[in-house]
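Some notes on the structure that comes next.
Number of protein chains: 4
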Amino acid sequence: MADDAEHRGDTTREEPGNTEKDQVIYTQLRNGSLKLYELEKELPPLDAIRARREFIAQQTGTSLENIGIFSIDIERVVKRNCENMIGTIQVPLGVAGPLLIAGEYAQGSYYLPLATTEGALVASVNRGCSAITKAGGAQVCILHDGMTRAPVFAAENVVHAKQVSDWVKAHYDDLRTAAESTTSHGKMTGIVTYITGTSVFVRIEFDTKDAMGMNMVTIASAKVAEMIALATGARLIALSGNMCTDKKPAAINRIMGRGRSVVAGVALSHDLISKVFKTNAKNLVEVNYRKNLVGSASAGSMGFNAQAANVVAAMFIACGQDAAHAIDGSTCITTVDLTDSGVYVAVTLPSLPVGTVGGGTGVDTQQECLRILGVAGGGEPAGTNARKLAEIIAAGVLAGELSLLGALAAQHLARAHQQLGRG
Amino acid sequence: MADDAEHRGDTTREEPGNTEKDQVIYTQLRNGSLKLYELEKELPPLDAIRARREFIAQQTGTSLENIGIFSIDIERVVKRNCENMIGTIQVPLGVAGPLLIAGEYAQGSYYLPLATTEGALVASVNRGCSAITKAGGAQVCILHDGMTRAPVFAAENVVHAKQVSDWVKAHYDDLRTAAESTTSHGKMTGIVTYITGTSVFVRIEFDTKDAMGMNMVTIASAKVAEMIALATGARLIALSGNMCTDKKPAAINRIMGRGRSVVAGVALSHDLISKVFKTNAKNLVEVNYRKNLVGSASAGSMGFNAQAANVVAAMFIACGQDAAHAIDGSTCITTVDLTDSGVYVAVTLPSLPVGTVGGGTGVDTQQECLRILGVAGGGEPAGTNARKLAEIIAAGVLAGELSLLGALAAQHLARAHQQLGRG
Amino acid sequence: MADDAEHRGDTTREEPGNTEKDQVIYTQLRNGSLKLYELEKELPPLDAIRARREFIAQQTGTSLENIGIFSIDIERVVKRNCENMIGTIQVPLGVAGPLLIAGEYAQGSYYLPLATTEGALVASVNRGCSAITKAGGAQVCILHDGMTRAPVFAAENVVHAKQVSDWVKAHYDDLRTAAESTTSHGKMTGIVTYITGTSVFVRIEFDTKDAMGMNMVTIASAKVAEMIALATGARLIALSGNMCTDKKPAAINRIMGRGRSVVAGVALSHDLISKVFKTNAKNLVEVNYRKNLVGSASAGSMGFNAQAANVVAAMFIACGQDAAHAIDGSTCITTVDLTDSGVYVAVTLPSLPVGTVGGGTGVDTQQECLRILGVAGGGEPAGTNARKLAEIIAAGVLAGELSLLGALAAQHLARAHQQLGRG
Amino acid sequence: MADDAEHRGDTTREEPGNTEKDQVIYTQLRNGSLKLYELEKELPPLDAIRARREFIAQQTGTSLENIGIFSIDIERVVKRNCENMIGTIQVPLGVAGPLLIAGEYAQGSYYLPLATTEGALVASVNRGCSAITKAGGAQVCILHDGMTRAPVFAAENVVHAKQVSDWVKAHYDDLRTAAESTTSHGKMTGIVTYITGTSVFVRIEFDTKDAMGMNMVTIASAKVAEMIALATGARLIALSGNMCTDKKPAAINRIMGRGRSVVAGVALSHDLISKVFKTNAKNLVEVNYRKNLVGSASAGSMGFNAQAANVVAAMFIACGQDAAHAIDGSTCITTVDLTDSGVYVAVTLPSLPVGTVGGGTGVDTQQECLRILGVAGGGEPAGTNARKLAEIIAAGVLAGELSLLGALAAQHLARAHQQLGRG
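Residue numbers (the working numbering), protein chains in the order written: chain R, 150 to 572; chain U, 150 to 572; chain A, 150 to 572; chain Y, 150 to 572.
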């Protein structure tokens, strides 16, 4: 790794505090005259990371050697992805597939990168991929596409609230022009207002092309919010008023869509169900009925699925997506229809916030995963890469659902756990 | 890194398919006579990983060099954490803190490891930590502790369903004995049954000590479920009937608790609010009221918070927790009380599934993060490390909430985004 | 009552089965050769009602004399409102008010008719009315107006589902024309489609003018559904697919609106709070915060209010609305803002399904209640009476909320119960 | 009706203001020196009602003659059920049945009284009753029985909150003794505490025997709350903290039960489905699957049923239950299992708050309905009448579900509406 030591990794393994400058710095950190986040002002990035890590190691009496071994390009990361960096976490990366997909954007066979520490997950998804591929592939459709931000304003009273809402409707074009002036990529695709008492929520939606787009829409919303506040006298309370809704499970995202709304499905024949899953169509239907529908309804759950979160989280981490977006991304409804020829299984993901540019997509290992899927960087035309990624993830979720439903139907779950040894 | 090349990393960077054996293997993989998951049967782990990675690189026409650079102990990982491994994802790791905590288990000052690619997050949490520490530290309490699994059975009719439920209640001791026979660590702490039509859900709860415990309780549930099915004639439909509820947002977890239920809070004086957050108590209260309470209620959201998911996901990835558990882990209610002296801010996390043994906790980089927090491995007495980790994460969530509420109150969010450049 | 005995009431009080014809009929009813619902074929309405009631009295060994005493016009009722009629239930009717309202449609002072058996309710609402009136009246706005029905179709697969949805969007005008051909009053104001797996929900929205409009939109939906099924090959599964959503609490109604969406609010000064409610602004805010917001969030509730259901149910019964619509009608969010001068209290009712023609509005006693409010029959222009009714009910809910929050704040609830003696 | 004019009805029909005393009173009412609610102090109940009604008629320029015609015993009603009374609303009452029920408490054949103005409802339920009876009757079980009230307290901080909760657990017996000292009938069956931030909710559960019991448990809760506040220093914020949860749809009631939790089911053979519903088992299953399960899940609904609210509301009004309790009472999950012999249909009602004493049960017409069902007054032993009523209502809901699902399956809904003419 010597060849790229300049900007990558930290392979020197010297003892902490081995130079005079280091000694000075540790002293300053300890006495508080230098803050941890100020290290980059004093040292080049790699050195700052090392010094910070070593300081933490000293303070906590630990050895952090593995955290210090990495190969990603740091210059970019410390500016865009992570402050106060001390190294990286290495998350095991497996692949499942090939998975045959017949989407609008994803067409062909894909290997799914899954970053996870949960034993049995990759194997489970892999089995689902195999079943789908044997069945002729997963059908996938993008149903809606739009990232949202919803500032909240305080009106003086309910009449004023309605006036604010009316003003927004009447100035849609002006607001769109202003919103789009803040970005060279995105297009505003909608504004909807909601009133609860004196709180006015203005949900602004953007086509963010290949970006996940939270930042884009937040900046645009700031501009829009300012205009609304100025024109109406409503007080801007928060740029995000939780009707966006970001990183919280929320019915509004299911109903209005947020990020990429995707549905994926596959028809399984009686024969295939029997061979791959050692069960039958009626059992699959019954597991989905009693567990994913009746069970979730009884639990007051917003997730009507078996393990959507597992696949979404693992693919998000692998592909440089925001891991916290697995919350919205996994609010999935899984359906199993009994058909004459077997079953038709589908997953509906109303709110999958993904992008192929920005965020963590540029971190080297994550970028490599996007390349595995053929979706790194901006698409041609813009937006197609992100939509392709959304389609692939939805197909991956379908694979995970199929596999777990099949395993449960065949009552293999506990045995699988015992063998594969999850903690 | 030469010294531990045997079991760690992959620094050779040879061209793919550079040996005769490799050539044979690639041919077999291509023609399907060898499956990707069978590579470990043919090759030692590191070689299997390399061969698989190179095959994927070939198939997808990509270069995966960074994925192939890692230092974690592979032997353990391929058995317990990840199948079909091709390398690792490097997730940038930052630290926030020090954070002063006054919990029952966590007492003192901590640096929080946060694995994230979301720019501004670590800085945001850091600011919250600073505020909490200046305020004298976060109070934290564990309210409940119990991991659950809920098999679902099909009864013949509603009368039978009630009989099944009654049988379970009448045989609590027998079931507990059987359940506990499957584990040397855990203790069964409860069984509750729920009936919906002919579906009977048996929610089994365990004190899983320092393990997150899903595996433990699943294995025990299999045993219990078998006994119930045998004795009552109810058909076991699925070992998990979604009333557990695992990795889905669910009211049952808020009401009954699941994993570690934790609450953390801090009192901020008027003076501190003004100095650290450049705002005042009334503004903080109003942001929380209109955004986290009214906004979330209006959105039909189960998350009444600002950014709990960000902190939970980043700490989970850093500390080897199951990232998909960020879904349950982040169903947080944030409250801001107006007090005479300022505000009292609290976060309530009813369902934080964490452990310090098993799962991804043994992966080297993750283990190092646990060591930073002083919670690696089993606690003395058993369970105290996991509870300590839960307390620290809750305090971290509190820091994140404080910081974002403060930023919103001061209307700095968009500006922060612009400067720190999230995609 | 002799003057209108022909079509009203049943004052004769003869013994059951007192004529030969009666004897024959009872025999036939007993041996099953005549069904209860066939009585109207054999007898004039009043006689059929009496015969049925007397048969039930005989069968159950009861005396049903009060049920048999009524004055409403039966001809209309047995055709439109109730089959198998045996009489009426007399629900005590109280009035609260006067309540000063400043709405768009309701302007002036109103007495609210409340049909209830819940002691203390009318008194409670009355106190709220008094406070609002003293405060200068309730502000009320209609935010949205549209009754919906959402048939559900089964598509063959997810691609077909998207095609169905696309077809609907492309044929909006045709569908509207067809929909409106089924009614001389209503106007179709929207169609939105939702896809979950292979299920396609087509949510059709109508401006139903002064009718509550469920019947109107259902008939129109039948027409639309038939066209969609024919054109797309999707199978119509149910004319109501529960995304309407009718008589079930549902987030979709809060987000999209259903029926009349109304918001009402009032500013209370410190002085008024003190005088009327014997408490202060901070206490009112705190009760709302901990009970209606935090409490409801913690309970996994969709109702963020104190007693909206009480007022909605009582006014619905009084005014001939569908009592089961109190479910949707009461999904209210109550907000209490702390202001410089006191508090601003508001109620938001996203889904109030009300009408002033059709349904039970023509029953004599109910009609009289509508007249008390000045909203009986169709408005000029059409729709204004129903909207006025919605505004008045919202103001009534506001009165109920104010009163109960005030009572709780002053910790008078239990005492009030003890004195007024609810069972 | 002259014979009981003293305490019943108002048949005189004199012109308003026909006596000198009346004239004085109207003048006082108009100038505000006498309040509407003070009339009972000046006049005997019937006269007060008449004077108030005539005053309202004058003020609103309406004739309220039907409202003034009633036969119920007023003395009791004005004290217990309704303040500011001006008469009654006559709600049409139909019967459905006979309905064969095989419950623990309800055993035999019942006619269901339904008070409604919704055309087609009684006919619909009647068809369901017929199907159930032909199928051999509805099985019904009470799963849980307990009315709850949950005061909310403010603790100083989260540590204090936990102390309050711990104190409650440690003093369970003392609190029970105190709670039960406030009632001669009820038994406290549980206290559960919930903490959200600094808010502590203490959910107190009572076996309220034949009473619905809200009042009983509220009075007991006041006593308990006072003790807790005194002992712990927590401030009592509201006697009802919305975790009860009363008259709002709430997951906590589904999970913990509230009022009577009931399940009812029936097996329908292929033959019967075909004959009664003109459809088949697969269609019934599919309607329930796509509408009640997938549709409700997609709508973010808490009601997974077709028309539970219709039956609950109509029976509640008929039987003197609190109509606003139809909100909790109708949070029903309807399930349709495909079986070898046809289908098994069930309804699960986790929170049916009913009683046969107190509330509106003593109003004459309502009492007569309870007598029709054989459940008027207290049961022997105490509680059995209320439980029997709960079983009957659940069976009635089952009838309604069956009928509507069958109608939808056969696509008859719109036609039925057209014929029966709902507005």
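Every residue, glycine too, gets a C-beta built ideally from N, C-alpha and C.
Pick helix, strand or coil for residue i, following the three-state DSSP scheme.
i: Ile386 (chain Y); result: strand
i: Phe219 (chain R); result: coil
i: His334 (chain Y); result: coil
i: Thr176 (chain R); result: helix
i: Asp356 (chain A); result: strand
i: His309 (chain R); result: helix
i: Ser348 (chain A); result: strand
i: His320 (chain A); result: coil
i: Thr484 (chain R); result: strand
i: Gly491 (chain A); result: strand
Any C-beta of chain A sitting closer than 7 Å to the C-beta of residue i?
i: Ala197 (chain U); result: no
i: Val226 (chain Y); result: yes
i: Ala458 (chain U); result: no
Using the rule of at least 16 other Cβ atoms within 10 Å of the residue's Cβ for burial, across every protein chain shown, is residue i buried or exposed?
i: Val650 (chain R); result: Because residue 650 (chain R) is not part of the residues shown, which for chain R are 150 to 572, the question remains open.
i: Pro193 (chain Y); result: exposed
i: Thr497 (chain U); result: buried
i: Ser273 (chain Y); result: buried
i: Asn180 (chain A); result: exposed
i: Lys184 (chain R); result: exposed
i: Ser182 (chain Y); result: exposed
i: Val173 (chain R); result: exposed
i: Ala206 (chain Y); result: buried
i: Ala319 (chain R); result: exposed
i: Asp420 (chain R); result: exposed
i: Thr326 (chain A); result: exposed
Taking 7 Å as the CB-CB limit, is residue i close to chain Y?
i: Ala446 (chain R); result: yes
i: Thr357 (chain A); result: no
i: Leu442 (chain R); result: yes
Kindly indicate if chain U contains any beta-carbon less than 7 Å away from that of residue i.
i: Leu538 (chain Y); result: no
With a cut-off of 7 Å, does the C-beta of residue i fall near any C-beta of chain R?
i: Glu305 (chain U); result: no
i: Gly449 (chain Y); result: yes
i: Gly527 (chain U); result: no
i: Lys311 (chain A); result: yes
i: Asp315 (chain U); result: no
Residue ranges of each alpha helix (DSSP H) run of no fewer than 4 residues wholly in the segment 195-278 of chain R, ordered along the chain? The qualifying runs are 223-229.
Which residues of the segment 475-504 of chain Y have a Cβ closer than 7 Å to any Cβ of chain R? Give them in chain order. Closer than 7 Å at the C-beta level to chain R, one finds these residues of the segment 475-504 of chain Y: Ile482 and Thr484.
Please give the ranges of any alpha helix (DSSP H) in the segment 385-419 of chain U, keeping only runs that are unbroken, at least 4 residues long and fully inside the region. As summarised for the segment 385-419 of chain U, the continuous alpha helix (DSSP H) elements at least 4 residues long and confined to that stretch are 400-405, given in chain order.
Output needed in chain order: residues of the segment 260-287 of chain R with a Cβ under 7 Å from some Cβ in chain U. Against chain U - using a Cβ distance shorter than 7 Å - the residues of the segment 260-287 of chain R are Tyr260, Ala264, Thr265, Thr266, Glu267, Gly268, Val271, Ala272 and Asn275.
Residues of the segment 403-435 of chain Y in Cβ contact with chain R at a cutoff of 9 Å, in chain order, please. Residues Arg403, Ile404, Lys431, Val434 and Glu435.
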